[in-house]
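Novice:
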Amino acid sequence: MAPVLTVKDLSVRFALHESEVTAVNNLNFTLEAGETMAVVGESGSGKSQAFLALMGLMAKNGTVTGQALLGDVDLLALSKTELNQYRGRDVAMIFQDPMTSLNPALRLKQQLAEVLVLHKGQDQKQAEASAIAMLERVGIPEPAKRANAYPHQLSGGMRQRVMIAMALLCQPKILIADEPTTALDVTVQAQMLDLFKTLTDDFGTSLVLITHDLGVVAGVADRMMVMYGGRAVEKGSVDDLFYDPRHPYTLGLLHSTPHIAKRAERLDPIQGMPPSLEHLPQGCAFNPRCAFAFDRCMVERPALTAAGEGREKACFHEGPMRYGKVA
Amino acid sequence: MNQTPVNLLEIRNLKKTFSIGGEGLFSRPLTLTALEDINFTIRKDETLGIVGESGSGKSTLGRCILQLLSPDQGQVLWLGQDLTKLPAEEMRKRRQDLQIIFQDPLASLNPRMTVGEIIADPLRTLRPELSKEQRRERVLKTMAAVGLLPEMINRYPHEFSGGQAQRIGIARALVTEPKLIVCDEPVSALDVSIQAQILNLLAELKDAFGLTLIFISHNLSVVRHVSDRILVLYLGRIVELATGDEIYMDPKHPYTRALLTAVPIPDPRLARQRTIDGLKGEIPSPINPTSGCTFRTRCRFAQPQCAETRPVLETLDGGRLVACHRWREIEAAEPIGASA
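Order-wise, the sequence lines are chains A and B.
Using my numbering, the letters of the first sequence map in sequence onto residues 8 to 334.
Using my numbering, the letters of the second sequence map in sequence onto residues 3 to 342.
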C-alpha cells in the first residue's frame, strides 16, 4: 500500500538578523497507514519544526523547501486557503499545552463543532451532537454536560482529551502529536497513551508522536526516527533501535534514560550538550560528543544510508559500540 | 553503614493549608489543605525521594521543611531543634545547613548578576564574616566541584544553557557547605542527556560532601534512580514510605502499585507485555477533601470502610510506612509479580 505521507527533502530555514539557521535539513521519511512513528530528539533537533512546517505553522522568518505528499497533493505547495482544506480534515496536530491551543472564550461544544461545520458542512446542531459523541469516545465523563464548559473549568488531562477529540472529529488520516503527554501526570499520561493506541486501531489514523521520552516511545510506537542538529540520524523499527542501536547518539540517549526496573549506580550520559544550530560542528554534527568519532567524522558528514532491513543510519562507525560501563 | 542511622530531620504532625478566594467576589475564602498528618524522618547521608502527582503537596513539603513556608501546625526537628519555633535571626544562621535547588534553572537565577555574584550571594548573607577574597576562593572551589570553568565567573546567566544554569544553581546551594539540600524537580526542565549528567553530578557531590538530599520529582524512574528511600504523597498525605527496592518490588499501597504500572518503561518488549493498572480519573481537588481515605475515589479496591474512616499511617517491619485499610487483603488477592 502507498504511504499516507511521503516527505522529500524537507528543509526549514529561519532568517536571523545577519545570518540564517537551518532548523531542519533534508528530511526524508514516509508514514504508513495506521502506524505510529515516533520522532525523537532533544531541544533544537528540529523534531517539532519539521512538523510545524508541514502544517503551515512556521514563524514569519521561516522558509520551507521540499515536498510533503499527502496522496498526490503536495502540502508545501499549497496556498494558505488551499492548505486550510486539509488542515484539521486530513492532518491534525495537537500540542504539549492544551490550554494555549483552546479558545478560552468559547464553550467546548462551540469550538469542537466549528471543525465539523467548516470541513464537513454539518449544521451547528448536528455538529454539536457529533462533538459530544467524540468527547464520550475519548473518555470524558458526562460529555453532554462538559460540552457546555469553558476550557479553564477542566483539568490538564481533560483538556488534552478535548484536544484529541477535536483533532479526531474529521477522522484525519494523520494525527501529529507534539509532546502530548509531557505536561501530564504519569497516571493520566498512561490513560492518554492507551487512548492513542485504541484510537489509531479504531480509526486507522497514522500517528506521529514527537517526544523526548523514550519510555513513551517504547510503549506506543512502531517505528522511530531519531533527529540531531536538524537531521535524521537513525531510522528503523522501535525494537531494532532500542535493542540494537547503530548510531552512537541513539545509544547515548538509551543510556541516559533512567529505567525504573534497574537501579544503576550511575547513568552513562552523553558528554557535552546539544549543538547550537548557528554553530553546527564541521563534519558529523554529533562528533564533539561521540565516543566513536574518528578523523573522517571531523571533516565529512555521513549521509543517511541503509543499515540492514528497513533501517537507516547516518554514521561512519561500523561494528559493535562499546559504551561506558555497558558493553 | 553499620552504625544506627542518625535522624537529621524529624517531621511531626505537619499540616499546611492555604486560603484561596471563593467562587464569587464576596463569598468566603476556601481552605485548601496542602499537607496533613505528615510524619517521617530523614536520616543523615540518605537520599529521600518524594514522589506524587501535581497537587500532591510535594513541593509544599520541601518548602515547609526549609521554613520557606510556615506550616500551620506540627514540628520540623533539625537534630532535635524545632525549626518552626526558631526566631528569624536563629533560622537565618541555620540556613547555611539547609539549601534548595529549583526546577527552572534560568528563572531561579538573577539575570543581572554574574555567575560569581550569584554563587557568592548566600555567603554574603549567611557568612558575613568572610572576606571578599575568602568568598571568591570558595566560589571558585564550588564552581570546580560542579563542573563550571573558572573563566565563567564573570558571565551572566543568559549566556548559559539549561544544564549549565542548573550547575550554577547547584553551586549556589553548595557554597555554604550545607548538610541538607532539597532538590525540587532539579532535572525536569532538562534534555535527556543533560538530565543524566546532572543526576550523576548530584550523586558525586553527595558522596564528596557528605550531603543528605531530599529529591522531589514527579518522575518515578528518576526518583528510583537516585533515592535510598521513597516517600509517596497523595493529596497532601503520606500513602507509603519505604526503600527504593521495596517500593519498586513490593509496593503495598494500591496507589503506589498503580503508579508503578503507569511509569513508562524504555524497553519495547516489556512495555508491550505489561498491563497498566487503569487508574481512573485524576487527583481530586484538595479544597473539599473526601471523607475517609483520600485515594478511595480512584481506588478499585475501595470499600465502605474506606469512606468512613481515614487509614492510619502504619509502621511495618523494617520501618516502612503505609496508610491503607486493605493492603494485606489486596496483597493476598493480587500478589505483585502477576501485575508488574
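The beta-carbon is built from N, C-alpha and C at its ideal position, and this holds for glycine as well.
This structure is a prediction, so every number in the text was calculated from the model and none was measured.
Whose CA, out of R14(B), S29(B), E48(B) and R45(B), lies closest to the CA of L37(B)?
Specialist: Comparing Cα-Cα distances from L37(B) to each of R14(B), S29(B), E48(B) and R45(B), the minimum goes to R14(B).
Novice: Per DSSP, what kind of secondary structure is Y257(B) in: helix, strand or coil?
Specialist: Helix, per DSSP.
Novice: Which partner residues of N112(B) appear in the DSSP bridge assignment?
Specialist: In the DSSP output, where bridge partners are listed per residue, N112(B) has none listed.
Novice: DSSP beta-bridge partners for Y158(B)?
Specialist: In DSSP, Y158(B) forms no bridge with anything.
Novice: What residues are listed by DSSP as bridge partners for K242(A)?
Specialist: Answer by DSSP bridge pairing, in chain order: M232(A) and E319(A).
Novice: Which residue or residues does DSSP assign as beta-bridge partners of Q92(A)?
Specialist: Bridge partners of Q92(A): none, in fact.
Novice: Answer yes or no: does any C-beta atom of chain B fall closer than 9 Å to that of Q198(A)?
Specialist: Cβ-Cβ to chain B under 9 Å: yes for Q198(A).
Novice: Where do the N-terminal and C-terminal ends of the beta strand (DSSP E) with E27(A) fall, by residue?
Specialist: First-last of the beta strand (DSSP E) with E27(A): E27 to L38.
Novice: Strictly by DSSP, which residues pair up with H286(A)?
Specialist: BP columns for H286(A) are empty, so no partner.
Novice: Mind checking T311(B): buried by the 16 CB within 10 Å criterion, or exposed?
Specialist: Counting Cβ neighbours within 10 Å, T311(B) comes out exposed, since fewer than 16 surround it.
Novice: Across which residues does DSSP place Y236(B) in a beta bridge pair?
Specialist: R239(B), per the DSSP bridge assignment.
Novice: When the Cα atoms are used, what is the spatial distance from A140(A) to L111(B)?
Specialist: Distance between the alpha carbons of A140(A) and L111(B) is about 48 Å.
Novice: Hey, does A340(B) have any beta-carbon neighbour from chain A nearer than 9 Å?
Specialist: Bear in mind that the predicted position of A340(B) carries a pLDDT of just 45, short of 50, making it too unreliable to give a figure here.
Novice: Tell me whether the beta-carbon of L34(A) lies closer than 9 Å to the beta-carbon of L17(A).
Specialist: Yes, Cβ-Cβ distance for L34(A) and L17(A) is below 9 Å.
Novice: Relative to the C-alpha of H255(B), which residue among P124(B), F297(B), T144(B) and M145(B) is closest?
Specialist: Here the closest residue by C-alpha is F297(B).
Novice: Taking L32(B) as the query, report the chain A residues whose CB atoms sit under 9 Å from its CB, ordered along the chain.
Specialist: Those within 9 Å of L32(B) in chain A number zero; the least Cβ separation is about 16 Å.
Novice: Below 7 Å on C-beta distance, what does Q199(B) contact in chain A?
Specialist: Within chain A, the residues near Q199(B) are P276.
Novice: Against chain B, with Cβ distances strictly below 9 Å, would P105(A) count as a contact?
Specialist: With 9 Å as the cut-off, P105(A) does not count as an interface residue toward chain B.
Novice: N221(B) by DSSP, collapsed to three states: which one?
Specialist: Three-state result, N221(B): coil.
Novice: Identify the continuous beta strand (DSSP E) that holds C66(B) and give its terminal residues.
Specialist: Looking at the DSSP string, C66(B) is not in any beta strand (DSSP E); the run it does join, the alpha helix (DSSP H), is K60 to I67.
Novice: Which residues does DSSP list as the beta-bridge partners of A375(A)?
Specialist: No answer is possible for residue 375(A): it lies beyond the span of chain A, which begins at 8 and ends at 334.
Novice: What are the start and end residues of the beta strand (DSSP E) that includes Q178(A)?
Specialist: That residue, Q178(A), is in no beta strand (DSSP E); it is neither H nor E in DSSP.
Novice: Report yes or no: do the segment 288-305 of chain A and the segment 249-268 of chain A share at least 3 C-beta pairs separated by less than 8 Å?
Specialist: At 8 Å Cβ cutoff, the stretches touch.
Novice: Helix, strand or coil: how does DSSP classify K67(A) here?
Specialist: In this structure, K67(A) counts as coil in the three-state DSSP scheme.
Novice: Write down the C-beta distance between L192(B) and I267(A) rounded to the nearest angstrom, noting that I regard them as a contact closer than 8 Å.
Specialist: Incorrect: roughly 19 Å between the Cβ atoms, too far for contact.
Novice: What is the rounded straight-line gap between the Cα of L142(B) and the Cα of R174(B)?
Specialist: Their Cα atoms are separated by approximately 11 Å.
Novice: Considering A90(B), what are the terminal residues of the alpha helix (DSSP H) in which it resides?
Specialist: Per DSSP, A90(B) belongs to the alpha helix (DSSP H) from A90 to R96.
Novice: Return the CA-CA distance between N9(B) and D279(B), expressed in angstroms with no decimal places.
Specialist: Between N9(B) and D279(B), the C-alpha separation is close to 36 Å.
Novice: So which residues on chain B does F249(A) lean against when the C-beta distance must stay under 9 Å?
Specialist: Near F249(A) (Cβ distances below 9 Å), the residues of chain B are P268, D269, P270 and R271.
Novice: Are the Cβ atoms of M93(B) and I121(B) separated by less than 9 Å?
Specialist: Their beta carbons are not under 9 Å apart, which means M93(B) does not touch I121(B) by this criterion.
Novice: Would a check of beta-carbon distances place I183(B) closer than 9 Å to chain A?
Specialist: No - not a single Cβ of chain A is within 9 Å of the one on I183(B).
Novice: Provide the residue span of the beta strand (DSSP E) that contains Q75(B), from first to last.
Specialist: From DSSP, the beta strand (DSSP E) with Q75(B) extends over Q75 to W80.
Novice: Rounded to a whole number of angstroms, what is the C-alpha to C-alpha distance between E91(B) and R126(B)?
Specialist: Roughly 15 Å separates the two Cα atoms.
Novice: Quick one, which of A260(B), D209(B), I196(B) and A109(B) has its alpha-carbon nearest V234(B)'s?
Specialist: Nearest of A260(B), D209(B), I196(B) and A109(B) to V234(B), Cα basis: A260(B).
Novice: Determine, for T264(A), whether the minimum Cβ-Cβ distance to residues of chain E falls below 9 Å.
Specialist: Absence of chain E from the displayed structure is noted, the protein chains being A and B.
Novice: Tell me the residue span of the alpha helix (DSSP H) that contains M106(A).
Specialist: Taken as a continuous stretch (DSSP letters only), the alpha helix (DSSP H) holding M106(A) covers P105 to S108.
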